[in-house]
DNA sequence: TCTAGTGACGAACAGCGTTCGTGTCAAGTA
DNA sequence: TACTTGACACGAACGCTGTTCGTCACTAGA
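Here it is as structure tokens:
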């Protein structure tokens, strides 16, 4: 979406205009800088002062382009959503495409450290969020789902994806806070810690937990996300009207 | 100004016998006070200084009983989880009981303002969280689900409940920040605002959103939560092995 | 009665988001 | 070309946060 609206190179007029005293602050520049800090140092390190410092100015200068930190987070989040790539909708394959959408969205959110913590922290109404909502809504409605239920499904699916990414980002933040070197190292230690705690529970009072520790720690974040997605999609498929509402194919089933 | 070093009312807990010089701080008292502040003024107002102020002391005094704010939030959250009441597990009615569990949990979280924001903010491992996990895990395993899948289902269900409550608590926080008098007033205005925004979108670019605004705002938080819960339960039911013995229902769809 | 130790706590540190008042530069107008 | 205007940059400050240090009062044990 951003590729057709922005025109990055106007080379005949602006480039040599280099006023170092006035660094040409803009909302886009602030958002870009904020996202860079978020990716490099995490959400906890993202402060107005930090953004201003990177831009070589004071925090007060940002408020001419951004109403506050909340708006900055929303803008950053929507910028990230712009990376979500969607195939052309094909309602006949709605289930497959819905899964692809969820996994793509999850992939993008996971790729930007703990940006998901900003996702749930505000109600996203940016242009990219709207674009994604339109896609899912259209897919479900064209597949035959009543609009009211389609909006419910969109809402729940979004909540699930954001919630899972949010939870994952918390682990990421803890890893960062603990100065752990690698993701695998941190995760291994964390899982070990939880497993040890579960095993230490009195078996007569918590037989199911203490007796199934290995089963509880068997699956990682990826498998957990897919399992919940499978549950939601199965639930949706059970509610979807059986025959496609298209005029041509009346399949017997 | 600011000479009011006298603490006017400690209405939550008045030490009747002990000397006022030593207010007998304890972890329980701190957690109780923190929960009271959370309920009365919201999570944003819950600070170490605020807790200390209510207890008539300084913030440094709290650190002898609580390692920091994170631990305090975890303790408060687990205290809230203690309010969840569970019936005796009956695996034959696992679906019904699982729904009851989810709604009870949701009810308790919603009853404590934005305590849910503390729920997702930390990984709960308190005694009450373990108790609830044991209940759900046992219910699903005894109903015939493999332990590994049962732990997946528990994980996803917990995420969904917490995520939904978290989202709701954000609205609560915004209502509080906007000094809105009543919940209904705030919600009505918010929904109106979103609906107006959706209607203002160009119909040729966003036909499904702008054409179904009424359907999108039809259902409130309660209905949305139940719908997602239905999806998850339906997905689980489809994966559950058929009942072992007496009663089997032929699905009529 | 003396001593040891534990918990309470004032003060301070470093950082946060945000606002105010002032300064300065670029563009518009005469 | 000279003047005006207005938007933007920004230093400083306010009030807040979580947390730590050093000290001090008090109580329990000898």
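Chains as they are written, first to last, in the working numbering: chain A, 3 to 255; chain B, 3 to 255. Beta carbons: idealized from backbone N, C-alpha and C, even for Gly.
DSSP places residue 59/B in the coil class of the three-state scheme, outside both helix and strand. For residue 169/A, the number of other beta carbons within 10 angstroms of its own is at least 16, and it is reported as buried.
Of all alpha-carbon atoms in 174/B, 196/B, 30/B, the one lying nearest the alpha-carbon of residue 186/B is that of 174/B. Shown here for residue 188/B: same chain residues with a beta carbon closer than 8 angstroms to its own, the five before and five after excluded, namely 173, 176, 177, 180, 182 in chain order. Residue 89/A and residue 141/A have their alpha carbons spaced roughly 11 angstroms apart.
Interface residue (Cβ-Cβ distance to chain A less than 7 angstroms): residue 49/B is not classified as such. The Cβ neighbour count for residue 193/B, taken over all protein chains shown within 10 Å, is under 16; the residue is labelled exposed. Residue 140/A sits in a helix when the DSSP states are folded into three classes.
Contact fails between the region 202-214 of chain A and the region 59-69 of chain A, because fewer than three Cβ pairs, one in each stretch, are under 8 angstroms apart.
Pairwise C-beta distances place the region 155-169 of chain A in contact with the region 109-120 of chain A, as three or more of them are shorter than 8 angstroms.
A Cβ-Cβ distance of about 21 angstroms is found for the pair residue 232/A and residue 226/B, leaving them out of contact under the 8 angstroms criterion. Within chain B, no residue has its CB atom less than 7 angstroms from the CB of residue 130/A, the nearest being about 12 angstroms off.
For residue 162/A, the uninterrupted alpha helix (DSSP H) segment begins and ends at 149-179.
Relative to the Cα of residue 71/B, the nearest Cα in the group 123/B, 213/B, 97/B, 222/B belongs to 123/B. By the 16-neighbour rule on beta-carbons within 10 angstroms, residue 237/A is buried. Secondary structure at residue 214/A: coil, using DSSP grouped into helix, strand and coil.
For residue 32/B, there are no neighbours in chain A by C-beta distance under 7 angstroms, as the nearest C-beta there is about 23 angstroms away. If you draw a straight line from the Cα of residue 112/B to the Cα of residue 171/B, it comes to about 8 angstroms.
Among the residues of chain A, none has a CB under 7 angstroms from the CB of residue 202/B; the nearest is roughly 11 angstroms distant. Under the three-state reduction of DSSP, residue 70/A is assigned to coil, being neither helix nor strand. Leaving aside the five residues that flank residue 48/B on each side, the residues in its chain whose CB is nearer than 7 angstroms to its CB run, in chain order, 36, 39, 40.
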